[in-house]
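The block underneath contains the structure these notes are about, expressed in structure tokens.
In this note's numbering, the protein residues as written are 63 to 677.
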């Protein structure tokens, strides 16, 4: 694959910049300018004040009046303007002509590579847990179909943001019951958020509602069964869009058990998990009392656990599977998908989308080793050839820390002057020479030996790990012995024992196009293994992260992101390599399919509440 083709394809796939997720005073839109929120600011004032004046004046703790200058309300209202503006997102539109002949019933068959370790996305948001949990739960908010790039109401039907962005008032749908038939109301929202913001038996405070281990909540209270009021310690530009993400699943307090919930989940979502045979199959059946009228259309979902790509794709072609989504398609590449499409012309649809988790070389900063010297880390970053990796690995695109059109760099050529990103030729040769000099200055002119952790899935054990090992051995004589572990053992090494030295693995991830969500990946100083896996600590970096959560203007966020990335370039806590893409394929009788191209494989597309089978 030539560099020109790869560059343009990478730019096309960098669609996270198109995520229309608005945060307090900030509008993020696809390739838009910094002032996009101002153009929408006057369109909703008349509608937002009419409901705000009656629903919030007596319940919210604020000295401000309920007027359009300080209150935003409505299903698509995301943010409170900095100068009294009211911003409202463009409503998601769906082609209703598709719904003229909805066919109810039937079981949708899909495949995934592994069973989940548990059905709790506060403990893990990996694709295994996401695929298994999404049909079961609702959030206070979620991302709207079909693209799942805009936050909208889920359990919450309406909301108001006031008190300078520190008070959120959510009005809930009525008569919600969970899969056990027990009522879900505002007390359960309060329970879930307080539980996420506190240390539990299994994890520290969740990073979505905490900063450096400190909860962002000042107070959470209810006003009757259908309203919850949240006061934040300070305005937080990440909080609202985070509420629509998969790790914010709402739990029913009466049915929640800290240990039992790992394997026996009870949600309010469109499907209940009725059977799980680990390594074989997960069955979900329709929640007959689902609070969204008329949904779901299907009677259920069967997820078959098929680890190896070849039998998985054979099952698809035999129509034993109806769909394979991005997070379940490991081993599927464009040549395979194209061949299947040709064999079944007019019957199969597939597409490619950016995977929102990158790849990199990591160092365990809690362990003494050559990488304790910054020069060794800098040498690794300089020496490794990203373009060579992406010539060896399919669906691989050299990309930087943030694949964001707003805050990062999505053009390969624009990276040429970044440390380690020179293209092949004299520039890369000079970087490798500089890397060897750094290794010699650090006392490792002949390289060193090290064990390198590697997951046993095809993306890592058969692609990234051997290629990265070869390149480091050839350039710096770093002789890495691959320590290949299945997912459970890999997770134990990273998050429980900390017994690893280097790793070729996943790097960076985000669900919201906000620099904090991308750059909090390295965690904060003082955090344990669960939140700061690699043990890197930089107090200046931590302060920039804290400032990002409070920032409300795009320009300010860009500046903070630039400062943070400068620290990463200098300190190299990890060497970021590339972003992969993933593929989704389905039979065309799967109707109203969700589109993961923009939202990535961890989206609410896996809920399947508004899909049906036309067969």
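Don't be surprised by glycine CBs; every beta carbon is placed ideally from N, CA and C.
Check	Outcome
Proximity below 9 Å, CB of residue 640 to CB of residue 448	yes
Residue 232 - partner residues in DSSP beta bridges	221, 290
Endpoints, beta strand (DSSP E) assigned at residue 172	169 to 174
Residue 464 versus residue 576 - alpha carbon distance	9 Å
C-alpha gap between residue 404 and residue 412, whole angstroms	11 Å
First and last residue of the uninterrupted alpha helix (DSSP H) at residue 257	248 to 258
Simplified DSSP state of residue 415, which is helix, strand or coil	strand
Distance, residue 227 Cα to residue 293 Cα	9 Å
Residue 10, DSSP secondary structure in three states	Here the chain covers residues 63 to 677 and nothing more, so residue 10 does not appear.
Span separating the alpha-carbon of residue 669 from that of residue 467	28 Å
Meets three-Cβ-pair contact criterion under 8 Å: the segment 316 to 329 and the segment 230 to 250	yes
Residue 339 to residue 172 span [Cα, whole Å]	15 Å
Span of the alpha helix (DSSP H), counted from its first residue to its last, around residue 552	549 to 554
Complete beta strand (DSSP E) runs within the segment 462 to 502 (minimum length 3 residues, chain order)	none
Burial state of residue 319, where buried means 16 or more other Cβ atoms lie within 10 Å	exposed
Whole-angstrom distance between residue 475 and residue 248, CA atom to CA atom	51 Å
Same chain only: Cβ atoms within 7 Å of residue 262, ignoring 5 sequence neighbours per side	320
Presumed contact (8 Å Cβ cut-off) between residue 308 and residue 192, rounded CB distance	6 Å
Candidates 237, 642, 599: closest to residue 626 by CA position	599
Cut-off 7 Å between Cβ atoms - residues of its own chain near residue 665, not counting five sequence neighbours on either side	205, 210, 658
Cross-strand partners of residue 653 (DSSP beta bridge)	674
Alpha carbon of residue 542 to alpha carbon of residue 477, nearest angstrom	27 Å
Reference residue 423, options 397, 533, 203, closest by Cα	533
Three-pair Cβ contact test at 8 Å for the segment 577 to 591 versus the segment 438 to 445	no
Three CB pairs or more closer than 8 Å across the segment 347 to 357 and the segment 611 to 631	no
For residue 457, the three-state DSSP class (helix, strand or coil)	coil
Per DSSP, cross-strand counterpart(s) of residue 245	239
Which of helix, strand or coil DSSP assigns to residue 513	strand
Touching by the beta-carbon criterion (3+ pairs, under 8 Å), the segment 174 to 193 and the segment 382 to 402	yes
Given residue 417 as reference, the closest of 675, 673, 661 once Cα atoms are compared	661
Endpoints, the beta strand (DSSP E) within which residue 346 is located	343 to 348
Contact between the segment 555 to 564 and the segment 420 to 438 (3+ Cβ pairs under 8 Å)	yes
Beta-carbon proximity of residue 305 to residue 201, cut-off 9 Å	yes
Chain D contact for residue 666 (CB, 9 Å cutoff)	Among the chains of the structure shown, chain D does not appear; only one protein chain is present.
Inter-residue Cα distance where the pair is residue 324 and residue 264	10 Å
Separation of residue 484 from residue 454, as counted between CA atoms	18 Å
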